[in-house]
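Below is one structure; the comments refer to it alone.
Protein chains: 4
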Amino acid sequence: MAEIEIGRGKSGRRGFDLTDVTIVPSRRTRDPGDADLSWKIDAYRFAMPLVGAGTEQALSTDDAVVVGERGGLPLLDLEALVAESAGRDEVGEQLAKIKAADLRVGAAVSPGRAVELLPRAVEAEVDMVAILGPVVSAEHVSVNNDRVNLKTFIRSLDVPVMVGGCASYSSALHLMRTGAAGIVVGADRPDLGVGVPLATAIADARAARVRHLDETGVYCQLIARGPITSGAQVAAAVACGADAVMVDASVIVGPDPSAEDLADDLREAMAVCGYTNLKDFQKAEVMIG
Amino acid sequence: MAEIEIGRGKSGRRGFDLTDVTIVPSRRTRDPGDADLSWKIDAYRFAMPLVGAGTEQALSTDDAVVVGERGGLPLLDLEALVAESAGRDEVGEQLAKIKAADLRVGAAVSPGRAVELLPRAVEAEVDMVAILGPVVSAEHVSVNNDRVNLKTFIRSLDVPVMVGGCASYSSALHLMRTGAAGIVVGADRPDLGVGVPLATAIADARAARVRHLDETGVYCQLIARGPITSGAQVAAAVACGADAVMVDASVIVGPDPSAEDLADDLREAMAVCGYTNLKDFQKAEVMIG
Amino acid sequence: MAEIEIGRGKSGRRGFDLTDVTIVPSRRTRDPGDADLSWKIDAYRFAMPLVGAGTEQALSTDDAVVVGERGGLPLLDLEALVAESAGRDEVGEQLAKIKAADLRVGAAVSPGRAVELLPRAVEAEVDMVAILGPVVSAEHVSVNNDRVNLKTFIRSLDVPVMVGGCASYSSALHLMRTGAAGIVVGADRPDLGVGVPLATAIADARAARVRHLDETGVYCQLIARGPITSGAQVAAAVACGADAVMVDASVIVGPDPSAEDLADDLREAMAVCGYTNLKDFQKAEVMIG
Amino acid sequence: MAEIEIGRGKSGRRGFDLTDVTIVPSRRTRDPGDADLSWKIDAYRFAMPLVGAGTEQALSTDDAVVVGERGGLPLLDLEALVAESAGRDEVGEQLAKIKAADLRVGAAVSPGRAVELLPRAVEAEVDMVAILGPVVSAEHVSVNNDRVNLKTFIRSLDVPVMVGGCASYSSALHLMRTGAAGIVVGADRPDLGVGVPLATAIADARAARVRHLDETGVYCQLIARGPITSGAQVAAAVACGADAVMVDASVIVGPDPSAEDLADDLREAMAVCGYTNLKDFQKAEVMIG
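Protein chains in written order, with my numbering: chain A, 20 to 308; chain B, 20 to 308; chain C, 20 to 308; chain D, 20 to 308.
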């Protein structure tokens, strides 16, 4: 870790955004058609490494179906669903619609309501759950509130869990130790002066993934989250170490860019750089442009 | 100190502004309500680490009361007060108004008029005084003028003194040695080609604070001064080492942003990074973004 | 190779664009008239180190003649020529027009159609051929398609071959090993997040040229390709190590800038820096501005 | 010299402009009135370290008088003067006007016409001469033209000579060895891709000045030349090592900024940083902001 001296009494590392990163072609090239974009988390395989969430407004069930049909994992906003419905029945109805299309679906909730709402979602046969906040840690310390102990809670759920965002080696490592199948990387609050540029956050979490794998034998998925809207940015995230990317569902549903364009671009990026699958593409040489 | 070669005959360090700095969340998070923003200088405790001064126009007594009520330390402009009043009585009247509200109040003056005006302010029972200029040193050398010897003068005053701005390790250390309770960090004159980017100035003064503490057992407060108007910038200043921040009173009085917003943002920044008090928050990991 | 840590799990080098580079005058100066801009590839000598291709639309035969007359090498787009003509006769006709002016002419084709089209061009007595794509490697791996083996194919042609673009030491080295007379350096696909800033791509290929020369005794020409439109950029490319530059033919044909202006600027750049030929100019000291 | 790798086959140093540099206040401050701006070259002393030349149009005799009255050294454009007058008498007349005001005056000429025109100027009792071009070296090599040998020619003149611009350690050192009283630092031709950022050019020439002083016992003046129009920029140039600065006469003559403003700013910059003369101010700590 190369520290830069800000002044005599404080140093810090330099952070890099995905837009600072460019991928260097290797000495091989491939056919775009030979590039495999599939992503697997726990027992589920997806045609594309994309998690489609509603970031500005809750994901509609119709859009969730489109996300799933185009190969991504749709994440319903459990809190919005519960708020809209009088009781919990509607959650099951919405899930049923998606599952009727033979698609996988996930449900997201904030840490504060995870204990209350996630068991209902699991009961309604959601495939995966996500505990999401701007900044989520494995160790939330509170004087007054009784907050969920993620280490106990996540292991108690019967479905794979994604949790985050986080933005450092140690916070990523501790989230992995909760037993989550995947962690969401990216915890930016520029309005508070808090955050880590995304390329650096991913690369730090990647090192945590290596250590966690060494300690436990478990490979924890890294889902990068940030202002990602193009195949170029997905490619950069993967080259930094991400296994998948969380985007606003509109990026997948379209109309511009749509999942097809994005997949085509990612496939072509892999091809011109000489890679045929995402795991190998993580090894691509990158440059700070 | 990593020097960069400008050319073969001159080198210099790299300086960083607060806007270059982003704070890295730790592996813990907290509740914003558990974050304690209080700041103590000498015997006085303030609910917020903010000194409200009039930077473009003198602080009115009414605004001073608001600054105090919202938890900050108001700094009256002694020279403006004296200029407005025929005699010195008005100074006492203004102070009385503020003290009637059971609030602490300070009075600021430039180094050139400190000897003349500060004793009057102390007599009028001001709680603190500040000797402020764009660039103030402990050793002002003059051929013709008889300038105040800060080392003697500051120790002669019966109230705690803040003095500055300064912008390097050695100038901060020498100002601390005058016996000041706090030093104002930030000495920027871009119109003259002179200045140090604020994050670097704070971090350098922080190292001087450590040395001064080691030499004397006295912890000298660092009050960062610069174009600070948001909770994010206050957070960055604290993470670099500042104990408090001097802002234009309008930043505290409002309407936009008001002290409440700023305090909320600072409290949330501390919470998502896992800290409960300002001194601990100074240890936060930072990154050059 | 100085690697920068993006994060704990990924590092990368820093890349530089031609616009980041400025050339440092040496302790000598020269007359612009003494600067020799000539460039030699295989047996052919050109008055200027410029390859004029049609980048946005195919190069017309008229423009090709102007490119040649002004001292550059015109590159016809073989695929466009074939598409326009019913049969292959037109290729020969176009070439004949240019050769009638006693000028050298090249024909470019993409790797996918090289085997099909290049032999016809050679038969039609083109002077050089170019196998060009955004990113071309010596080792294209394909599951379904039967792609050209460049190492065999290039050696089978009876004319000198340029091939590229490439953008790293290893990809440049492997393209050189195909027996190409020149390689095209620059493989930028910013839309895919892929690419290497051009100054760095040239400097990396330069190192590959040294190794290839050491291994084989053959000096392979580096033709830089990128958004180059001025003498200043040509100068920077040469100073980084390029032997010639591929530009859109309009840069040579004019009206603004025209080849004359560009040649004048390049000649003057060499003169004020103290160099009289392009090979020496490659040794010029450069600075990152 | 810290080299940055542009790519494996080419490295270069990083260059800095005056606008990249900010001056760090020392632990002392001074009164602006105690700052001495005077500059001495050979036997001549000037109230301000400014050489006023006509950069866009030739300096009028009236403006030359104002430059001199305000404490700077006016540089007449000898070639323009000769071109305007039928014979050489007018040169003497113009000089006489300025000298009648009891002011020092210099005459500038390009290297190509130095041998022809400078002896006339010396005869007409000019105080100093300047041999100026965008890039001037001590060793101009020409196949066809008979160019002046500066080493012989400069020593043959009976008045002090300034010569430049130059932009590297070795070119500065060789110009110093011609016996010039001052060298002009700054040789920027961005239109050609050639040049060195000015702060770096000055700092490199400063190192050459030290070596030249060590070798010969002679202190050669460094006159910085570039787009300098403010006291802040003059201050930065001096802090990097310049003894004086060449500006367009309009910067001195006014109206905005005028020499008075510029002198006031420079004096205040020196005072807040704690320096009383320009030579000491060259030692000021600087920072890359």
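For every residue, glycine included, the Cβ atom is placed at its ideal position computed from N, Cα and C.
Just so you know, these numbers come straight off a predicted model, no measurement behind them.
Chain-order list of residues whose beta-carbon lies under 8 Å from that of residue i (same chain, five-residue window excluded)
i	result
G214 of chain D	A186, A206, D207, R208
R32 of chain D	M20, A21, E22, I23, T219
I25 of chain C	G31
Counterpart residues of residue i in DSSP-defined beta bridges
i	result
V93 of chain A	Correcting the residue identity first, residue 93 of chain A is Pro in this sequence and not Val. DSSP output for P93 of chain A lists A:G71 as bridge partner(s).
G183 of chain A	A:L151, A:V203
F65 of chain A	A:W58
V86 of chain A	Bridge partners of V86 of chain A: none, in fact.
R49 of chain A	C:V160
M265 of chain B	B:V70, B:R244
V134 of chain C	Answer is none; V134 of chain C lacks a bridge partner.
V213 of chain D	C:I42, D:R208
Nonlocal neighbours in the same chain, by C-beta distance under 6 Å from residue i, ignoring five residues either side
i	result
L169 of chain A	A157, T197
D284 of chain D	G250
R244 of chain A	G184, V203, G205, M265
H159 of chain D	R166
Alpha helix (DSSP H) segment containing residue i, residue limits
i	result
T235 of chain D	217 to 235
I271 of chain B	268 to 272
I173 of chain C	169 to 175
L194 of chain C	188 to 195
Q252 of chain C	250 to 259
C239 of chain A	It is not in any alpha helix (DSSP H) - C239 of chain A carries neither H nor E in the DSSP assignment.
R286 of chain D	278 to 292
Residue environment, residue i, which counts as buried when at least 16 other CB atoms sit within 10 Å
i	result
E287 of chain C	buried
T171 of chain C	exposed
D19 of chain A	Because chain A spans 20 through 308 in this model, residue 19 of chain A falls outside it and cannot be assessed.
S175 of chain D	exposed
S190 of chain A	buried
T254 of chain C	First, the residue type needs correcting, since residue 254 of chain C is Ala and not Thr in the sequence shown. The residue is buried, with at least 16 neighbouring Cβ atoms inside 10 Å.
S45 of chain A	buried
A126 of chain D	buried
D96 of chain C	buried
A102 of chain C	exposed
D146 of chain A	buried
V4 of chain B	Summary: the structure shown does not reach residue 4 of chain B, with chain B confined to residues 20 through 308, and so no result is reported for it.
V162 of chain C	exposed
V148 of chain D	buried
V110 of chain D	buried
Residues near residue i by beta carbon distance below 7 Å, same chain, minus five either side
i	result
Q240 of chain C	I60, A200, G201, D262, A263
F35 of chain A	P216, A218, T219, I307
Q301 of chain B	V257, A258, G260
Q113 of chain B	T80, L95, L100
D55 of chain D	T295, N296
D177 of chain A	V141
Range of the contiguous beta strand (DSSP E) that encloses residue i
i	result
S30 of chain C	29 to 33
V128 of chain C	125 to 128
V305 of chain B	305 to 307
V40 of chain C	40 to 42
E24 of chain C	23 to 26
Cβ-heavy atom distance, residue i to the ligand NAP, below 6 Å
i	result
R286 of chain A	This structure lacks the ligand NAP, and indeed carries no ligand of any kind.
is_contact[residue i, chain E] using C-beta, thresh 7 Å
i	result
I25 of chain A	Among the protein chains of the structure shown, namely A, B, C and D, there is no chain E.
Contact between the segment 209 to 226 of chain D and the segment 259 to 277 of chain C is defined here as three or more beta-carbon pairs at a separation below 8 Å; is this criterion met?
no
With a cut-off of 8 Å, do at least 3 Cβ pairs link the segment 68 to 79 of chain B to the segment 62 to 80 of chain A?
no
Do the segment 225 to 235 of chain D and the segment 40 to 58 of chain D make contact, defined as three or more Cβ pairs closer than 8 Å?
no
Given 8 Å, three or more beta-carbon pairs between the segment 28 to 41 of chain C and the segment 113 to 130 of chain C:
no
Are the segment 265 to 274 of chain A and the segment 85 to 92 of chain A touching by the rule of at least three beta carbon pairs closer than 8 Å?
yes
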